[in-house]
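Just below is one structure, and these are the notes that go with it.
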Amino acid sequence: MYNDVISFIRKTFNTPSDFIPLHEPRFIGNEKKYVMDTIDSTFVSSVGQYVDRFEGMMREYTGAKHAIAVVNGTAALHISLILAGVKKDDLVITQALSFIATSNAISYIGAEPVFIDVDPKRLGMSADALRTFLINVELINGIAIHKPTGRKIAACVPMHTFGHPVEIDTIVSLCTKYNIPVVEDAAESLGSTYKGQQTGTFGLLGTYSFNGNKTITCGGGGIIVTNDDKLGELAKHLTTQAKVPHRWEYVHDYIGYNYRCPNLNSALACAQLEQLDIFIENKRITANKYKTFFNQPNINFIGEPEHSKSNYWLNAILLPTYEERNMFLTETNNQQVMTRPIWALMHRLDMFKHCIHDGLATSIDIENRLVNIPSSVIL
Ligand SMILES: *Cc1c(COP(=O)(O)O)cnc(C)c1O
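Counted the way our numbering counts, the sequence shown spans residues 1 to 379.
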């Protein structure tokens, strides 16, 4: 039934018969050279020139004033939420439609996610749904209180799903009215822009991931960005065991974390960042081919939303029904063309079943019908 789709994907990826993965990394630049440098220098761990270079390149790429390199995107979220002031038992507004890491990071602090719906065109947090939810919130002594439960809303974490930007300017201005800091989960959207500005740089803090399946990878790694000098300094301090700088004394002034990105991984990150713009251009050409091909009544390709430039990390289509989604997944995977449904919504998982949500009508519809299709950079 989907043979035309399968042959189109095989042709697009120049792969007539072999397995086609969903997203595989490409190491076609200075990766080996830089990684060998770290080994030759013996600086493979958390101190080294590539860690500083990684941060410098991310400052330059995003335009953020501070960039702090950490071990992964989840750690970047964890530290950013602490820096935003989130405490045990607070509520944090986010999406049920996201990778588990977003809600996990909130839980590490003992805070609890509140799930609001996503925008059907953007797949990330809906500004309208946020506006509606905030009707239940009032400012008391400068603190946002969720009226039905009396609990503090300490942060809002929108996520740019598959690299498609949310209406982040509206989300930030809504949150600002309620004194709610925004931590942007830009793990999937490195290089995507909204109204010409890099995603990840609109909120108080933003986080990126360099995991193996992301647009570019360093094996494992993450970045925290902020324009706030104090938070930038604290982010570095907290992620390096909160050691008070001294030539030999070991004194620590907070419960810190061993979250610094090693030099070995940072070397890989530097080489990958050099190629980021080329990779994104390549991915956008593939996305446009998909868009043209899926210009048909039954399958809906998720294209770049208004005012945005998407990195098209993972291409996505909507099938007409849950049954057809399952048929599509079965046929493509049977024929060695890897496809995948979206994550099970967070409010279905045991750990988050009790969390507040707004009904999530759009998220549920997308969960039932969306499939990711192969999206690697084509050599
Ligand atoms: C990948 C991802 C993360 C976490 O990144 P890691 O580097 O794997 O820890 C966080 N949030 C979202 C939405 C992601 O897709």
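Just so it is clear, CB atoms sit at the ideal spot from N, CA and C, and this is done for glycine as well.
For the beta strand (DSSP E) that His-146 lies in, which residues bound it at each end? 143-146
Which whole-angstrom value is the C-beta distance of Ser-45 and Asn-263, which I expect to be below 8 angstroms? 6 angstroms
Phe-133 to Thr-94, Cα distance in whole Å? 11 angstroms
8 angstroms is my cut-off, CB to CB: does Gly-220 come that close to chain D? In the structure shown, chain D does not exist; there is a single protein chain.
Is it true that the CB of Ser-80 sits closer than 8 angstroms to the CB of Ile-224? yes
Helix, strand or coil: how does DSSP classify Arg-247 here? coil
When the distance is taken between beta carbons, is Thr-362 closer than 8 angstroms to Pro-120? yes
Count the C-beta pairs between the segment 337-348 and the segment 189-205 that are closer than 8 angstroms, then say yes if the count reaches three, no if not. no
Name, in chain order, the residues that DSSP records as bridge partners for Pro-113. Val-92
For Ala-105 and Thr-239, what's the separation of their Cα atoms in angstroms? 15 angstroms
Unbroken beta strand (DSSP E) runs of length 3 or more, entirely within the segment 181-221: which are they? 183-185 and 205-209
With distances taken between CB atoms, is the gap from Leu-139 to Ala-111 smaller than 8 angstroms? no
Skipping 5 residues on each side, what residues in its chain have a beta carbon closer than 8 angstroms to that of His-357? Ala-96, Val-114, Phe-115, Ile-116 and His-347
Can you give me the start and stop residues for the beta strand (DSSP E) that Val-70 sits inside? 66-70
Have a look at the DSSP bridge pairing and note the partners of Ile-317. Phe-301 and Val-371
Would you say the beta carbon of Glu-188 is closer than 7 angstroms to some non-hydrogen atom of ligand 1? yes
Over what stretch of residues does the alpha helix (DSSP H) that includes Ala-154 continue unbroken? No alpha helix (DSSP H) holds Ala-154; the beta strand (DSSP E) holding it covers 151-156.
Do the CB positions of Ala-186 and Thr-207 come within less than 8 angstroms of each other? yes
For Met-159 and Gly-203, which I take to be in contact (beta-carbon distance under 8 angstroms), what is that distance rounded to the nearest angstrom? The pair is not a contact, with the Cβ atoms about 11 angstroms apart (cut-off 8 angstroms).
Look at the Cβ atom of Gly-221, then the Cβ atom of Val-71, and state whether they are nearer than 8 angstroms. yes
Might you give, ordered along the chain, the residues of its own chain that have their beta carbon closer than 6 angstroms to the beta carbon of Arg-151, omitting 5 neighbours on each side? Leu-91
Using a Cβ-Cβ cut-off of 8 angstroms (strictly less than) and excluding sequence neighbours within five positions of Asn-295, which residues of its own chain qualify? Phe-301
So what does DSSP say about Glu-167, is it helix, strand or coil? coil
Return the CA-CA distance between Ile-68 and Ile-109, expressed in angstroms with no decimal places. 20 angstroms
Distance CB(Asn-372)-CB(Thr-332) smaller than 8 angstroms: no
Does the separation of the CB atoms of Val-118 and Val-157 fall below 8 angstroms? no
Distance, Gly-200 Cα to Glu-55 Cα: 15 angstroms
Shortest alpha-carbon distance to Lys-309 belongs to which of Lys-230, Asn-3, Ile-9 and Phe-162? Phe-162
Helix, strand or coil: which one does DSSP assign to Glu-138? strand
Is there at least one non-hydrogen atom of ligand 1 closer than 7 angstroms to the beta-carbon of Thr-217? no
Quick check on the DSSP output: the alpha helix (DSSP H) that includes His-78 runs from which residue to which? 73-83
Is the separation between the beta-carbon of Ile-28 and that of Pro-374 shorter than 8 angstroms? no
Find out if the Cβ-Cβ distance for the pair Arg-131, Leu-174 is shorter than 8 angstroms. yes
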